[in-house]
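Structure record follows, encoded as structure tokens.
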Amino acid sequence: LGSNWALAAPVAALLCLSGIPLGLGYINGATALATGQSELRYQLLLLGSVIGVLLLSVATPFGLVWVGIALVMRALITEVLMTRGVMRLQGLSFPKDLLVLNAMVVAGIGLAGAASLAKWWLAAWDLTDASPLITLMICSVIALPVYAACVWRLDREIVREFSVLINYRVSQ
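Structure (structure tokens):
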């Protein structure tokens, strides 16, 4: 976007960070609805809205960076609360059973690291003249196998489940 947008980079980074926990929100919301707990979902969304309004009202006078920080905090607080609520409904222990996600977290970090290294490599070889879409495709082609390898190495159970699903669909 050019040097005129350089000051927007911290705000854009914070807005991107606030989007990361939203993936949990989609899963948690769908789980709550699928288990007939639409009231819980509504209550948690309402709580998230109240938390967001409070955080934004405090952060707004300090500028856009603080607004971005408030949005990240709101996303983290509300998604952790929703995850706890959904896990409790499913009879799962929040801190103990959440460790099941360690493989996915490591795989996600591997994906982000591989994509960052690919982007750095493109810049080091002065290949950044390519369009953003081509750059995204190159980074994705490099990062996605890293994610798959991490999941395959760290969570063999999910690999077995996918294998069973694929074999079932192929046999039909």
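Heads up: the sequence shown begins at 463 in the working numbering, then just goes up one per residue. Positions of the beta carbon are idealized from the N, C-alpha and C atoms, including for glycine. Only a predicted model underlies this, so the values are computations on that prediction, with no experimental measurement involved.
Query raised in the report: What's the call for Y609, buried or exposed, on a 16-neighbour Cβ count within 10 Å?
Result: Around the beta-carbon of Y609, 16 or more other beta-carbon atoms lie within 10 Å, marking it buried.
Query raised in the report: Going by other Cβ atoms of all chains shown within 10 Å of its Cβ, with 16 needed for buried, is L508 buried or exposed?
Result: With fewer than 16 other Cβ atoms within 10 Å, it is exposed.
Query raised in the report: What runs of the alpha helix (DSSP H), each 4 residues or longer, lie entirely inside the region 524-569?
Result: The region 524-569 contains, as complete alpha helix (DSSP H) runs of 4+ residues, the segments 526-551, 556-560 (chain order).
**Report entry** Helix, strand or coil at W583 [DSSP, three-state]
**Finding:** When DSSP states are grouped into helix, strand and coil, W583 belongs to the helix group.
Query - Buried or exposed by the 16-neighbour rule on C-beta atoms within 10 Å, applied to A521 - result: With a threshold of 16 other beta carbon atoms within 10 Å, A521 meets it and is buried.
Query - Cβ-Cβ distance between L533 and L469 below 8 angstroms - result: Taking C-beta atoms as the reference points, L533 and L469 fail to come closer than 8 angstroms.
Query raised in the report: Hey, A537 and A577: beta-carbon distance below 8 angstroms or not?
Result: At the C-beta level, A537 and A577 stay beyond 8 angstroms of one another.
**Report entry** Under the three-state DSSP convention, the category T497 falls into
**Finding:** T497: coil per DSSP, three-state reduction.
Query - Whole-angstrom distance between P607 and R631, CA atom to CA atom - result: Between R631 and P607, the C-alpha separation is close to 23 angstroms.
Query - Exposed unless 16 or more other CB atoms sit within 10 angstroms - verdict on N490 - result: It is buried - the Cβ of N490 has at least 16 other Cβ atoms within 10 Å.
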